[in-house]
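Number of protein chains: 2
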Amino acid sequence: MSPAKRLSAPVAPGSTIGILGGGQLGRMLALAAARLGLKTHIYCDEDDAPAFDVCHARTFARYDDERSLAHFAIGCDAVTFEFENVPARTAAFVAERTPLNPGARALALTQDRLEEKNFVASLGLQTPAFHAVSSPEEARAAFAAINGPSVLKTRRFGYDGKGQAKTLSADDVVNAWTAFEDAPSILEAFIDFEFEASIIGARGQDGDFVAYDPPQNVHENHILRRSTVPSRLSAAQAAQARHIARRIADALEYAGVLAVELFVTKDGALLVNEIAPRVHNSGHWTIDACLVSQFEQHIRAVAGWPLGSPERHADAVMENIIGQEAADWHKLSESCGALHLYGKKELRAGRKMGHITRLGPKTSAH
Amino acid sequence: MSPAKRLSAPVAPGSTIGILGGGQLGRMLALAAARLGLKTHIYCDEDDAPAFDVCHARTFARYDDERSLAHFAIGCDAVTFEFENVPARTAAFVAERTPLNPGARALALTQDRLEEKNFVASLGLQTPAFHAVSSPEEARAAFAAINGPSVLKTRRFGYDGKGQAKTLSADDVVNAWTAFEDAPSILEAFIDFEFEASIIGARGQDGDFVAYDPPQNVHENHILRRSTVPSRLSAAQAAQARHIARRIADALEYAGVLAVELFVTKDGALLVNEIAPRVHNSGHWTIDACLVSQFEQHIRAVAGWPLGSPERHADAVMENIIGQEAADWHKLSESCGALHLYGKKELRAGRKMGHITRLGPKTSAH
Numbered sequence: 004m005s006p007a008k009r010l011s012a013p014v015a016p017g018s019t020i021g022i023l024g025g026g027q028l029g030r031m032l033a034l035a036a037a038r039l040g041l042k043t044h045i046y047c048d049e050d051d052a053p054a055f056d057v058c059h060a061r062t063f064a065r066y067d068d069e070r071s072l073a074h075f076a077i078g079c080d081a082v083t084f085e086f087e088n089v090p091a092r093t094a095a096f097v098a099e100r101t102p103l104n105p106g107a108r109a110l111a112l113t114q115d116r117l118e119e120k121n122f123v124a125s126l127g128l129q130t131p132a133f134h135a136v137s138s139p140e141e142a143r144a145a146f147a148a149i150n151g152p153s154v155l156k157t158r159r160f161g162y163d164g165k166g167q168a169k170t171l172s173a174d175d176v177v178n179a180w181t182a183f184e185d186a187p188s189i190l191e192a193f194i195d196f197e198f199e200a201s202i203i204g205a206r207g208q209d210g211d212f213v214a215y216d217p218p219q220n221v222h223e224n225h226i227l228r229r230s231t232v233p234s235r236l237s238a239a240q241a242a243q244a245r246h247i248a249r250r251i252a253d254a255l256e257y258a259g260v261l262a263v264e265l266f267v268t269k270d271g272a273l274l275v276n277e278i279a280p281r282v283h284n285s286g287h288w289t290i291d292a293c294l295v296s297q298f299e300q301h302i303r304a305v306a307g308w309p310l311g312s313p314e315r316h317a318d319a320v321m322e323n324i325i326g327q328e329a330a331d332w333h334k335l336s337e338s339c340g341a342l343h344l345y346g347k348k349e350l351r352a353g354r355k356m357g358h359i360t361r362l363g364p365k366t367s368a369h
Numbered sequence: 004m005s006p007a008k009r010l011s012a013p014v015a016p017g018s019t020i021g022i023l024g025g026g027q028l029g030r031m032l033a034l035a036a037a038r039l040g041l042k043t044h045i046y047c048d049e050d051d052a053p054a055f056d057v058c059h060a061r062t063f064a065r066y067d068d069e070r071s072l073a074h075f076a077i078g079c080d081a082v083t084f085e086f087e088n089v090p091a092r093t094a095a096f097v098a099e100r101t102p103l104n105p106g107a108r109a110l111a112l113t114q115d116r117l118e119e120k121n122f123v124a125s126l127g128l129q130t131p132a133f134h135a136v137s138s139p140e141e142a143r144a145a146f147a148a149i150n151g152p153s154v155l156k157t158r159r160f161g162y163d164g165k166g167q168a169k170t171l172s173a174d175d176v177v178n179a180w181t182a183f184e185d186a187p188s189i190l191e192a193f194i195d196f197e198f199e200a201s202i203i204g205a206r207g208q209d210g211d212f213v214a215y216d217p218p219q220n221v222h223e224n225h226i227l228r229r230s231t232v233p234s235r236l237s238a239a240q241a242a243q244a245r246h247i248a249r250r251i252a253d254a255l256e257y258a259g260v261l262a263v264e265l266f267v268t269k270d271g272a273l274l275v276n277e278i279a280p281r282v283h284n285s286g287h288w289t290i291d292a293c294l295v296s297q298f299e300q301h302i303r304a305v306a307g308w309p310l311g312s313p314e315r316h317a318d319a320v321m322e323n324i325i326g327q328e329a330a331d332w333h334k335l336s337e338s339c340g341a342l343h344l345y346g347k348k349e350l351r352a353g354r355k356m357g358h359i360t361r362l363g364p365k366t367s368a369h
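Chains as they are written, first to last, in my numbering: chain A, 4 to 369; chain B, 4 to 369.
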């Protein structure tokens, strides 16, 4: 991708933003784009993608279908994606034809847990201790180095806890690695965290940076259950979280929203757990608690517009609606929160079906 | 339309709401429906309708095309409209096939200024003095009765000041009526109001009623320029405004959002100027200042869902972006307000292209 293409002129209202991926994040991006008078073209390899219901144009095709990709890219004024597992070749193919943000480097890095952790460490930011595991010997050496509770994760294609195993011995690590069919993996020290948080920042094509107040997150069965702002982070910790996001975004010459998942240790350190080069579930509360949501912010950055204010006007608790819980939609619709449903046909266990955000008076400045 | 059809079971997420009309109101209704996991089908007789960009299904056809209408109605689980000039036959045709709300009676009444005013007066609510004008003799008699500054309006198809003329003499009235090509008209006393306000209420299919805090409105060249909440109405006047909306909604056994435009006279009376059986420009601030916007509220009512809370969490000033003003979209995008653009292709003088809402801390409870 040429630098000239990335620093393109702002995309005018009426133009088309392409989105690779058609899940709920693509859907909420499309809704945010529509608010700004921008059309969207959704490209997805599933035919009942939630985002197909709210866009100007749709392509249902595989991510390696170059004919469909070319047609899509040429018809869009700017392209982005809603999931980090967009194949590198797909991203490169699109980026040759139209400005793609965030860029190929952010995608490549965040598709590989080892490269991501090495990159974060290279910026002087803290992470849990980690070691590459590509052989039984490395498995044993990695465990010996950590010498305690740890988590083996495949380097690629993990999400919502998939491709992860907790390990308490060198044998555990070897067995888990074998169970992952010898996939290149990473062993990370298990962090007995005080709580989890995340920081959602946005960087414009002009280098401007803003971040939302960091939410505190609770996971259940490896799936986000709840995000709460304000978090229990101190003002200094919140500032540190912003610094982490900005450092990463600047180093990547990033344009768009990115989320950094953090472990907050019992002694107050912030460890980078994971980077998501996209809008993030822990930022859904920004739709209802901020004038400019993470989705609009991302569209602004991708379109080359100035970023909006990330200020929140309320305290917020965002709760995911998962699997069978969505069957209670009628009861949920009576709730005094802001209800969001993603239009997914099938209620499957563990599937994110919607979320609900409850607001309260703003009690904290960070 | 059978009562059984109107009191239908709530429409489940994943169902399709049909919307007659594809302008910015249809677009914002479609966006609100999407938030609730509902699909939309837009039916419009213009091929570049703004709402076509954000819906699941589109029909571009005339409102008297019964084949297209039948296909549309049968494919929708509930139908509504975004403009009050839906032909009565179109509404009846659709209502025979699928639940249509608001109902045919609200449409018929609000399509005719004389019937509307008679209806309002029959409820014991105040309006400016008014008289039917269907002949030069009636024109003179009407002026003689009012005997002062007055406004001649065609009974049907007026909007944004079209089909209106200010009159200061009986001759003026006769001439204006002739200029309207003898169209059945109504002469109304000109109200030298203190200010204008409106009340936006919603009635559910179960008879539940809620209303938003009434905005104060400023028109320029007969087009809404600005809506501000809180208004200068006293708490008692705000309560009276709510009463007016509820009285009208109950009398019509209404389901959906309705807006009542009010003149506030110098001695503090509230006169009903006009009823809009739909979401209303003076309620656009509810998108950003309330948990449940007027658009979501309307969709909830049409879908047979419980109404949401109309509470606002902020003071708000909504300013329309009209005609050429939209050419400054880049400057507008830097504003610290919530920007909404409607995706209209052509910048035409007087055309509503978008709006911007600025929020401040909530200063009043009504």
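Virtual Cβ for every residue (Gly too), placed ideally from N, Cα, C.
With 16 or more other Cβ atoms from the protein chains shown falling within 10 Å of its own Cβ, B/GLN297 counts as buried. In this structure, the beta-carbon distance from A/ASN220 to A/GLU199 falls below 8 Å. Within a 10 Å sphere around the beta-carbon of A/PHE160 sit fewer than 16 other beta-carbons, which makes this residue exposed. B/GLY259 places its beta carbon less than 8 Å from that of B/PRO105. Taking C-alpha positions only, B/HIS301 is separated from B/LEU344 by approximately 21 Å. For the pair B/GLY210 and B/ASP253, the Cα-to-Cα distance works out to about 7 Å. A residue is called buried when at least 16 other Cβ atoms come within 10 angstroms of its Cβ; B/ASN276 meets this threshold and is buried. Contacts with chain B at 8 Å (Cβ-Cβ) include A/LEU294. Within chain A, the residues whose beta carbon sits less than 7 Å from that of B/HIS343 are ARG38, listed in sequence order. Annotation for A/ARG70: the continuous alpha helix (DSSP H) segment containing it runs 69-78. Taking the Cα positions, A/LYS334 is about 44 Å away from A/ARG108. Against chain A, the CB of B/GLU337 has a partner CB under 8 Å away; the residue lies at that interface. The CB of B/PRO13 comes closer than 7 Å to the CB of HIS333 in chain A, given here in chain order. A/ALA279 and A/SER125 have their C-alpha atoms some 18 Å from each other. At a C-beta separation below 8 Å, A/ASP291 has these neighbours in chain B: LEU294. Interface criterion met: the Cβ of B/LEU34 is under 8 Å from a Cβ in chain A. The Cβ neighbour count for B/ILE77, taken over all protein chains shown within 10 Å, is under 16; the residue is labelled exposed. Comparing alpha-carbon positions, the option among B/VAL14, B/ALA179, B/ALA64, B/ASP67 lying closest to B/SER138 turns out to be B/ALA179.
Neighbours of B/LYS42 in chain A, taken as residues at a C-beta separation under 8 Å, are given in chain order as ASP56, GLY346. Under the DSSP assignment, B/LEU34 falls in the alpha helix (DSSP H) whose first and last residues are 27-38.
Judged by DSSP in its simplified three-state form, B/HIS316 adopts coil rather than helix or strand.
A direct Cα-Cα distance of roughly 7 Å separates B/SER234 from B/PRO217. Ranking A/ILE149, A/ALA317, A/LEU39, A/LEU342 by CA distance to the CA of A/ILE324 puts A/LEU342 first.
Contact between A/SER172 and A/VAL136 is ruled out by a C-beta separation of about 14 Å, above the 8 Å threshold. With respect to chain A, the C-beta atom of B/LEU362 has a partner C-beta closer than 8 Å. Contact of B/TRP308 with chain A is assigned, a C-beta pair being separated by under 8 Å. Apart from the 5 residues on each side of it in sequence, A/ASN284 sits with its Cβ closer than 6 Å to the Cβ of LEU227 in its chain, given in chain order. In the three-state DSSP reduction, B/PHE212 falls in the strand class (E or B). DSSP places B/ASN150 outside any beta strand (DSSP E), giving it a letter other than H or E. Under the Cβ criterion of 8 Å, A/ALA317 is counted among the residues facing chain B.
Taking a cut-off of 8 Å on C-beta distances, the stretch 60-77 of chain B does not touch the stretch 109-128 of chain B, as fewer than three cross pairs fall below it. Going by C-alpha positions, A/PRO131 is about 10 Å away from A/LEU273. The Cβ atoms of A/VAL154 and A/ALA168 lie closer than 8 Å to each other. Interface residue (Cβ-Cβ distance to chain B less than 8 Å): A/SER312 is classified as such. Approximately 5 Å separates the beta-carbon atoms of A/VAL263 and A/ALA248; this is inside 8 Å, confirming the contact.
If you draw a 10 Å sphere on the C-beta of A/SER336, you find 16 or more other C-beta atoms in it, and that means buried.
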